[in-house]
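These protein sequence lines map, in sequence, to chains U and Y.
In terms of my numbering, the first sequence has 67 at position 44, counting the first letter as 1, and numbering is strictly consecutive.
In terms of my numbering, the second sequence has 111 at position 87, counting the first letter as 1, and numbering is strictly consecutive.
Glycine included, each C-beta is placed from N, C-alpha and C at the ideal position.
This structure is a prediction, so every number in the text was calculated from the model and none was measured.
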Amino acid sequence: MKFRSPLSTARGLGSAKSGTHHWWMQRVTAIALIPLIIWFLISAIGLIGAEFDVVEAWVAQPLTSVLLILFAVAFFYHMKLGVQVVIEDYVHGEGRKLALLLGVNFAAIGLTVACIFSILKIAFGG
Amino acid sequence: MADASQTNRPRPLSPHIGTYRWGAHMAASIFHRGTGLALAFGGVVFTWWLLSLATGKDAYAQFEAVAGSLIGELALIGFTYALVQHALGGLRHLYMDTGAGYEIHGNRRLSKIIFVVAVLLTALIWAFGKGHI
């Protein structure tokens, strides 16, 4: 028996009205993060215990700045999607769930902006 | 209205998680979630690192004092492990998204390999970073 109307089948958005968007963006950000993490880890190895000027000069290089901004955006988007699922799985009170979901969204955006601003300030000669 | 009692009947439950025997595949699954959550805190430390660098030498010295302490360094090693474990676990999930790797023996073996490789890579990264290699 088929309960779904032809229109809802065509839209493919399901009961949550967002279809596979959450799942898909989790994968898109994950795939983007793989090369960025390899680059970041290899770079970070050389930065352990490095002087302020050395680290600052490294961040200020255009390629580094661009990759760090991409890393921050993909990282915190991925974090928001992942933590959201954990909250939806384990937090059952509607009020607490809503508050935590709001908090994760605000934190993800706040941390992304803080990273981007810091990188740009260093890059443009803070 | 004989149906009223039927609607109040307790719904069937799946077996409690405690009845399952632990295996590498279960560990890989919950470690993926655990390391993901840990990395959210890693993201906060990453942001603190960049903010302190943008603020100036004094702020960066404060960050270095915490990050360079014994607890700070252990936390950074922990974040490195979490990042490697979560990245490898993520690749496992991408592989499983294709419909492959659900057979229990292969799944268990892949999960074990990921744990070993994650620990080895973390050790390698820090051995290089500390100049031991």
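Exercise. Can you list, in chain order, the residues of the stretch 50-74 of chain Y whose Cβ is nearer than 8 Å to any Cβ on chain U?
Worked result: So the close ones are Arg57, Gly60, Leu61, Leu63, Ala64, Gly67, Val68, Phe70, Thr71, Leu74.
Problem set entry | Short CB-CB distance (under 8 Å) between Lys136 (chain Y) and chain U | Chain U contact via Cβ: absent.
Problem set entry | Residue burial classification, Met25 (chain Y) (beta-carbon count within 10 angstroms, cutoff 16) | Bear in mind that the predicted position of Met25 (chain Y) carries a pLDDT of just 48, short of 50, making it unreliable; the figure below should be weighed with that in mind. So Met25 (chain Y) ends up on the exposed side.
Problem set entry | Residue-level contact to chain Y via CB, Ser66 (chain U), 8 Å cutoff | No - not a single Cβ of chain Y is within 8 Å of the one on Ser66 (chain U).
For this session: Output yes if chain Y places a C-beta closer than 8 Å to the C-beta of Glu42 (chain U); else output no.
Result: Residue identity differs from the one stated: residue 42 (chain U) is Gly in this sequence, not Glu. Not closer than 8 Å to any Cβ of chain Y, the Cβ of Gly42 (chain U) fails to qualify, so no.
Problem set entry | Residue burial classification, Ala95 (chain U) (beta-carbon count within 10 angstroms, cutoff 16) | By the neighbour-count criterion, in which a residue is buried when 16 or more other Cβ atoms sit within 10 angstroms of its Cβ, Ala95 (chain U) is buried.
Exercise. Chain Y beta carbons: is any one of them nearer than 8 Å to that of Ser38 (chain U)?
Worked result: At a cut-off of 8 Å between C-beta atoms, Ser38 (chain U) does not count as an interface residue with respect to chain Y.
Exercise. Using a beta-carbon distance cut-off of less than 7 Å, what residues from the stretch 107-138 of chain U approach chain Y?
Worked result: Taking 7 Å as the upper bound on Cβ-Cβ separation, chain Y lies near residues Val109, Leu134, Ala137, Cys138 of the stretch 107-138 of chain U.
Exercise. How about Ala111 (chain Y): is its C-beta nearer than 8 Å to some C-beta of chain U?
Worked result: Residue-level contact by beta carbon holds for Ala111 (chain Y) and chain U, with a gap shorter than 8 Å.
Problem set entry | chain U residues whose Cβ lies nearer than 7 Å to that of Gly114 (chain Y) | Those are Ala53, listed as they occur along chain U.
Exercise. Mind checking whether Tyr100 (chain U) and Thr52 (chain U) have CB atoms under 8 Å apart?
Worked result: Going by C-beta atoms, Tyr100 (chain U) is nearer than 8 Å to Thr52 (chain U).
Problem set entry | Secondary structure of Met25 (chain Y), DSSP reduced to three states | Caution applies to Met25 (chain Y), whose pLDDT of 48 falls short of 50 and renders its modelled position unreliable; the value that the coordinates give is listed next. The three-state reading of DSSP puts Met25 (chain Y) in coil, since its state is none of H, G, I, E or B.
Exercise. Would you report the Cα separation of Phe147 (chain U) and Ser88 (chain U), rounded to the nearest angstrom?
Worked result: Phe147 (chain U) and Ser88 (chain U): Cα-Cα distance of roughly 10 Å.
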